[in-house]
Amino acid sequence: MELMISAIEAIIDNIHDAEEYLIEEDIANFIEIITTADNIFVTGAGRSGLAAKAFAMRLMHLGLSSYVVGETISPAINAGDCILAISGSGETNTIVTAAKISKKRGAKVLALTSYPESSLGQLADGIIHVKGRTKVEVDDENYLKRQIKGNYTSLTPLGTAFELTSLVFLDGLVSELMEAMGKTEEDLKNMHTVLE
Numbered sequence: 005m006e007l008m009i010s011a012i013e014a015i016i017d018n019i020h021d022a023e024e025y026l027i028e029e030d031i032a033n034f035i036e037i038i039t040t041a042d043n044i045f046v047t048g049a050g051r052s053g054l055a056a057k058a059f060a061m062r063l064m065h066l067g068l069s070s071y072v073v074g075e076t077i078s079p080a081i082n083a084g085d086c087i088l089a090i091s092g093s094g095e096t097n098t099i100v101t102a103a104k105i106s107k108k109r110g111a112k113v114l115a116l117t118s119y120p121e122s123s124l125g126q127l128a129d130g131i132i133h134v135k136g137r138t139k140v141e142v143d144d145e146n147y148l149k150r151q152i153k154g155n156y157t158s159l160t161p162l163g164t165a166f167e168l169t170s171l172v173f174l175d176g177l178v179s180e181l182m183e184a185m186g187k188t189e190e191d192l193k194n195m196h197t198v199l200e
């Protein structure tokens, strides 16, 4: 149970620390691109993809046209649209490829990544730096040496800290979008599915 408590504390600490490295201008840029886009596409691999899907649902609740890349109902992306790409490493092949295609078609690219200088970051019109231990660091030789010596920098597996911090960040961004768009919780509730 001690390991579980330590892992939970590490995740909470990472989420709490997010407040310190978020840049107001970056958030404003994200909001501007999202609220002026014709359609918002979201993408991420694995658990980052689940965070992206949760955000797409909230965008729909806000009355925005949102799509999840890879779903059967997603249309072509075009100029006037934007894509939010989530990748801790910023090097996930499928995510970088989606960003490249979007850019070629004239869409704006928003990135959530731990590595702003990554391939994804270089394609982005807007970047939010979300720190977190990513799968890249798990493969790092220095990381393994620290683990062998008993110096545990994190007890969270793979990209957990990044993914959960991204999820919390995006939920926080929904609050900013609500304010910017003049929406209330009642407005979101009215858009919630009634078919369940």
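All residue numbers for the sequence shown refer to the numbering used here, where the first residue is 5 and numbers rise by one.
Glycine included, every Cβ here is placed at the ideal spot set by N, Cα and C.
Remember, it's a predicted structure, so these values are computed and weren't measured experimentally.
If you reduce the DSSP assignment to three classes, tell me which class residue i lands in.
i: N155; result: Interpretation of N155 is limited by its pLDDT of 47, a score under 50 that renders its predicted location unreliable; the figure taken from the coordinates is listed afterwards. Three-state result, N155: coil.
i: T197; result: coil
i: K107; result: helix
i: T188; result: coil
i: G136; result: coil
i: A115; result: strand
i: G130; result: strand
i: S122; result: coil
i: M5; result: coil
i: G176; result: helix
i: E167; result: helix
Buried or exposed for residue i, going by 16 or more other Cβ atoms inside 10 Å?
i: S52; result: buried
i: K193; result: exposed
i: N43; result: buried
i: I15; result: buried
i: Y156; result: Its pLDDT being 48, under 50, Y156 is placed unreliably by the model, and the measurement read from it follows with that caveat. Flag for Y156 reads exposed.
i: S106; result: buried
i: T101; result: exposed
Using 8 Å as the threshold, is the C-beta distance between residue i and residue j below it?
i: S93; j: Y119; result: yes
i: I38; j: L181; result: yes
i: L66; j: M185; result: yes
i: I130; j: T117; result: According to the sequence provided, residue 130 is Gly. The question's Ile does not apply to it. Result no, Cβ atoms of G130 and T117 do not sit closer than 8 Å.
i: L177; j: A55; result: no
i: C86; j: K108; result: no
i: A60; j: S70; result: yes
Counting only beta-carbon atoms, is residue i nearer than 8 Å to chain D?
i: I16; result: Although the question refers to chain D, the structure presented lacks it and comprises just one protein chain.
Quick check on this structure: which residue in the options has the alpha carbon closest to the alpha carbon of residue i?
i: S91; options: S10, A165, L177 and L7; result: A165
i: G48; options: T197, A41, T40 and E95; result: E95
i: V73; options: R62, M64, T98 and A128; result: T98
- Message: Please give the ranges of any beta strand (DSSP E) in the segment 16 to 98, keeping only runs that are unbroken, at least 3 residues long and fully inside the region.
- Response: 44 to 48, 70 to 72 and 86 to 90
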